[in-house]
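Visitor: Positions 0 to 972 (numbering that gives the first Met the number 0) are the ones given, in order, by the sequence shown.
Here a beta-carbon is modelled for each residue, glycine too, at the ideal position from N, C-alpha and C.
Every value quoted in this text rests on a predicted model; they were computed, and no experiment measured them.
Take this structure first; my questions come after.
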Amino acid sequence: MKFCKAPLLCAASTLVVSWAAAAQAQDLTTAAAPIEIGEVIVTGSRIVRKDYVAESPIVTLERGALDAAGPVSLDVTLNQLPQFAANAGANSTSQARGGRANANLRGLGAVRTLVLQDGRRMQPSDPLGGIDLNTISGALLQNVEIITGGASAVYGSDAIAGVVNFRLNDRFTGLVADAQYGATEREDGETLDVSVAAGGPIADGRGHAMFSASYMDRQRVNRGSRDFFVDGGITSVLPSGLIYPNAANLPTQAAVSGVFASYGVTGSVLRSAAFSRNTDGTLFTITNPIQNFRFPEDGLYTITANNQVALPIGEFAPLLQPLERETLFGRVSYDLTDAVEAYGQFNYAHYTADQTWYGRNQAITRDVYVPVTNPFLPQGLKTIAASRPDPNAPLLLYFNTGRYSPDIVENTYNVSQVLGGLRGDLDIIDGGWDVYASFGRTEQNTRMGGYIDRAAFLSLVEAPDGGVSLCQGGLDPLAFDRPSQDCLDYLLREMHESTELQQTVVEGSLQGRVFDLPAGEVRFASGLSYRKNTYDFSPDAQRQTGAVLATSLSSLTSGETSSTEFFLEILAPIARDLPLIRSLDLDLAYRYSDYDSVGGVHTYKAGANWELTDSFSVRGGYQRAIRAPSVGELFQPSEQSGTTVGRISAGLGDPCDVASAYRTGSQAAQVKALCLATGVPQTIIDTHRFAGTSVQSQVSGNRNLIEETADSYTAGLVWRSAFDNPLLSGLTASLDYYEIKITDAIGLITGDVIAQRCFNGDNASNPTYDPQNYYCQLINRGASGGFSTITTPLLNLAGYETAGADLQVDWRAELRDFGWATAPGELGLNLIVSYTDKYAIQTLAGGAFVDYAGTIGNAQISADAISHPAWKVNTSVDYKVGPARLNLRWRWIDSMDNSANVGAAVASAPGVKAMDYFDLSGTYRLNERVEVRGGVLNIADRQPPAWTGEGATDAALYDVLGRRFYAGVKLSF
């Protein structure tokens, strides 16, 4: 092999091919024999049963559906299912996510969706306990099963919204090589995904072994490559720097007016305005009213619809994150005796997620000041500064670091898990036992580039010569152009950090028959388990001391949690073969968990499946679930972070801004009084502007957290056609209702919610406009009157509630059944409809629940899942004829109101229109060994709906890449 981009895959492939060939030569008859499926385990239960039924709503995504989704990661495929809230992964611009991708059922947050592989816990990839779907290789994936509602009694903590179980083909036999390539119509976003899998009997049939390896390479797409995003994603903190006013040391109005009059400006310029410098050395104001702005229209700076000067960063921001991934999986089983089997497996994923951005805003850590003696300051600015009560005070400077370097973050992950155990049969109870132990380790190494050394920066701007003696050309703090390379070498630094997570699980279980009832066997499953999770975080020393600009402070931290648990499940047949009762089964489960962090907790469930006839059944149940706080939530170090406050144009932002809906609304006088009482100086109260959309925040773990508790209710109908008519015999349908209520939910109160609640934006949280209100106490203002920091506490909030219904219809019939005697082939239909009736949040105990169903923009529960449409529909029409198969899929997303309008006196913020997408895919089997496939996604090249302007949309929910194509080939031996 002359060239191989993935050495790990290539070496593994050579081993797999040679080993699989030997395995096939050993037993060709076994490889070709059909597999008879006997007893199975239904996801959501531990009881082995012969009939594949469940009292919980289950959606199964078969391997063919995964292939038809094209060259995308698993999170993107799951995002398109109506039961999931689109959770930004591949399209996320959040550096806090580190390129990870998660599943988020019902929009209740990825931490409340338990992800399993073959019914067992996987190795977490972040301190919150989330499973990164990038660690799952699809080479041996058989299907994905999704259940709604709590399942803690069966699986333990975290299964509040539901369970996603990735099932592997554990008896895979043969050799399969698969390759797929795709790209967008605009010739970017290239994705290559190749894999090889092999399996077969060993040791004269006493054992079985299988192995897979995969490699994926996904290329970056820039926001600026799409017309929709060219002007989108702005930074109002300019790279040329902003001089912010100090409300306690304002210049005189006469000085400000005089300087701008010398430029020919006749309009009024507020003495509390923030200034920056044009390329000709004159000053301009950055917010409404903008005065003396002289950058060319085709320059990088622009004036936004919100009347502020900003830099569009669409050309520099990722729309699709690059990802390079290699995975290995191996499994071996061996029959020690006729009744005892030993087994072991390993799973390993190595992947790198790189992200670059335009720059960072130096408004996060300690403020930076420039002395008035700096030789690069324009004369106009010096004149204005000299008129202040303290003329020698330094000037407060905010700036974006983009003129110095891109914001570079490279995350490299090594995620491994080994598992081994024994299992056997117990004929006396017609059941069996299973004992296993697993150990997993996640290592995340992060390189962050483009940081500016604080001491070096200050030494340049404070030098009498502007730093000319320290580096070539010195440093002009208000310039737009890059400094010299000599100065960049003097200023720029890298940071290196690491996070390590470990998980140990030991579990023993027993299942079988208890006794017989007239309606059948009573079966049980019970067991004991132990789980331990550890967390170690090592931030760079420069971040611990604040030695670099534009980063949050942090500290070394470590911690661990452990639990010991007992569980029991009973499946009892209550009645069978009676009028209107073909069968009635009751499923009961209980689990007691003793956590070292929160103590003992109880979870339980009661579910029933009632078959009235061969074709009609009713199912439903109740489940009590819990989620214990994760190691990250307990031990995360105190960090300065950022929180969103939103745009004034969207009805968010700083309520004290004179242009806000609060200052111009019916309660303007009370709002003004509250602004004064909470830190806006009297000198600027009538001219105060706040152009930012995010604010520095303070957040840390909380060791006093208790467990979340959830109550889930499900009820559903299942119908299987009993008609003999061939057009109707292949029809099945299910309709399920769910309701999930969570109390003591762990989460952050976001900045936009805090600002709205303090100023009674919901007409309930602070009706007396009291400055001692809980939310108001979380806001801190600086000398300029703007937000300085907002404390976003991590605590057990009050509660979340969601409810809705899912409809699934499947139908299949031969074309000749339509009366077309010579028409070949089979036609199929799959329809999934999801309706969200309620998505309500109670921010604090005792407060009112606010319903955000049918809205876009609320990020309280999940920062990356901001859309909660009332209706989502997926419809697929499938046609099979001979070796060919063609599938047309239609996806529809309901229109949504802006979440800022919920409870607002004036609902003026824009929402989004309804969207639909069409995808076409096909497969063709050339012979028994070769199958080709291909497809086109987003056939109509639909652009995402505009939300609040400036390229804002939900990049997780909507297709942001446009029309794209893929082709693949599978070789089977």
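Where residue 416 and residue 533 are concerned, what is the direct C-alpha to C-alpha distance, given to the nearest angstrom?
Guide: Looking at the two C-alpha atoms, the distance is approximately 14 Å.
Visitor: Taking just the CA atoms, how far does residue 648 sit from residue 305?
Guide: Each residue's Cα considered, the two are about 6 Å apart.
Visitor: Spatial neighbours of residue 585 within its chain, please: C-beta separation below 7 Å, excluding the five flanking residues on both sides.
Guide: Only 571, 573, 607 meet the Cβ criterion.
Visitor: So what does DSSP say about residue 953, is it helix, strand or coil?
Guide: It is coil, neither helix nor strand.
Visitor: Any beta carbon of chain C sitting closer than 9 Å to that of residue 272?
Guide: Of the chains in the structure shown, none is chain C; there is only one protein chain.
Visitor: In terms of residue numbering, what span does the beta strand (DSSP E) encompassing residue 800 cover?
Guide: Its beta strand (DSSP E) spans residues 798-813.
Visitor: With a cut-off of 8 Å on the beta carbons, I'd call residue 140 and residue 65 a contact; round off their distance for me.
Guide: Contact flag correct, Cβ pair sits at about 7 Å.
Visitor: Looking at the unbroken alpha helix (DSSP H) that takes in residue 261, where does it start and where does it end?
Guide: Unbroken alpha helix (DSSP H) run through residue 261: 252-261.
Visitor: When the distance is taken between beta carbons, is residue 638 closer than 9 Å to residue 704?
Guide: No, Cβ-Cβ distance for residue 704 and residue 638 is not below 9 Å.
Visitor: Using the C-alpha atoms, what's the distance from residue 857 back to residue 851?
Guide: Cα to Cα, the separation comes out at about 7 Å.
Visitor: For residue 78, report the span of its alpha helix (DSSP H) as first-last.
Guide: That run of the alpha helix (DSSP H) goes 73-78.
Visitor: Taking 8 Å as the cut-off, does the region 613-621 touch the region 177-192 (at least 3 CB pairs, one atom from each stretch)?
Guide: The answer is no - the region 613-621 does not touch the region 177-192, with fewer than three Cβ pairs under 8 Å.
Visitor: Quick one, are the C-beta atoms of residue 560 and residue 636 less than 9 Å apart?
Guide: Cβ atoms of residue 560 and residue 636: not closer than 9 Å.
Visitor: Between the Cα of residue 272 and the Cα atoms of 943, 784, 959, which residue gives the shortest distance?
Guide: Nearest of 943, 784, 959 to residue 272, Cα basis: 784.
Visitor: So, is residue 604 buried or exposed, given that buried needs 16 or more other C-beta atoms within 10 angstroms?
Guide: With 16 or more other Cβ atoms within 10 Å, it is buried.
Visitor: Expressed to the nearest angstrom, what Euclidean distance is found between the alpha-carbon atoms of residue 824 and residue 817?
Guide: Their Cα atoms are separated by approximately 12 Å.
Visitor: So what does DSSP say about residue 224, is it helix, strand or coil?
Guide: Helix, per DSSP.
Visitor: Between the region 325-334 and the region 278-295, do three or more beta carbon pairs fall short of 8 Å?
Guide: The region 325-334 vs the region 278-295: no contact.
Visitor: Could you check the C-alpha separation between residue 740 and residue 154 for me, to the nearest Å?
Guide: Distance between the alpha carbons of residue 740 and residue 154 is about 19 Å.
Visitor: Assuming contact is defined by CB atoms lying nearer than 9 Å, are residue 61 and residue 216 in contact in what I supplied?
Guide: For residue 61 and residue 216, no; Cβs fall outside 9 Å.
Visitor: The beta strand (DSSP E) spanning residue 825 covers which residue range?
Guide: 825-841 is the extent of the beta strand (DSSP E) around residue 825.
Visitor: Would you identify the three-state DSSP class for residue 608, choosing helix, strand or coil?
Guide: Here residue 608 sits in strand by DSSP.
Visitor: Name the two residues that bound the continuous beta strand (DSSP E) containing residue 512.
Guide: Residues 491-516.
Visitor: Where residue 326 and residue 122 are concerned, what is the direct C-alpha to C-alpha distance, given to the nearest angstrom?
Guide: Near 14 Å, if we compare the C-alpha coordinates of residue 122 and residue 326.
Visitor: For residue 105, name the three-state secondary structure that DSSP assigns.
Guide: Of the three classes helix, strand and coil, the one that applies to residue 105 here is coil, per DSSP.
Visitor: Is it buried or exposed for residue 207, if we count other Cβ within 10 angstroms and need 16 for buried?
Guide: That one is buried.
Visitor: Could you compute how far the alpha carbon of residue 847 sits from the alpha carbon of residue 831?
Guide: So the two alpha carbons sit approximately 33 Å from each other.
Visitor: Buried or exposed: which applies to residue 296, given that a residue is buried once 16 or more other Cβ atoms fall within 10 Å of its Cβ?
Guide: Exposed, since its Cβ has fewer than 16 Cβ neighbours within 10 Å.
Visitor: Give me, in chain order, the residues of the same chain whose beta-carbon lies closer than 8 Å to that of residue 202; leave out the 5 immediate sequence neighbours on both sides.
Guide: The residues are 333.
Visitor: How about the region 835-847 and the region 876-891: do they share at least three Cβ pairs that are nearer than 8 Å?
Guide: The region 835-847, when compared against the region 876-891, does not touch it at the 8 Å Cβ threshold.
Visitor: Please list the terminal residues of the continuous alpha helix (DSSP H) segment that includes residue 544.
Guide: That run of the alpha helix (DSSP H) goes 540-544.
Visitor: In this structure, what does DSSP give as the bridge partners for residue 317?
Guide: Residue 317 is bridged to 221.
Visitor: Quick one: grab the DSSP three-state call for residue 661.
Guide: Coil at residue 661, not helix or strand.
Visitor: Give a yes or no on whether the C-beta atoms belonging to residue 498 and residue 126 are separated by under 9 Å.
Guide: Contact: yes.
Visitor: Taking all protein chains shown into account, decide if residue 867 is buried (16 or more other Cβ within 10 angstroms of its Cβ) or exposed.
Guide: It counts as buried.
Visitor: Do you know how far the Cα of residue 196 is from the Cα of residue 30?
Guide: Per-residue confidence for residue 30 stands at a pLDDT of 32, beneath the threshold of 50, marking its modelled position as unreliable; the derived number appears in the next sentence. Each residue's alpha carbon lies about 14 Å from the other.
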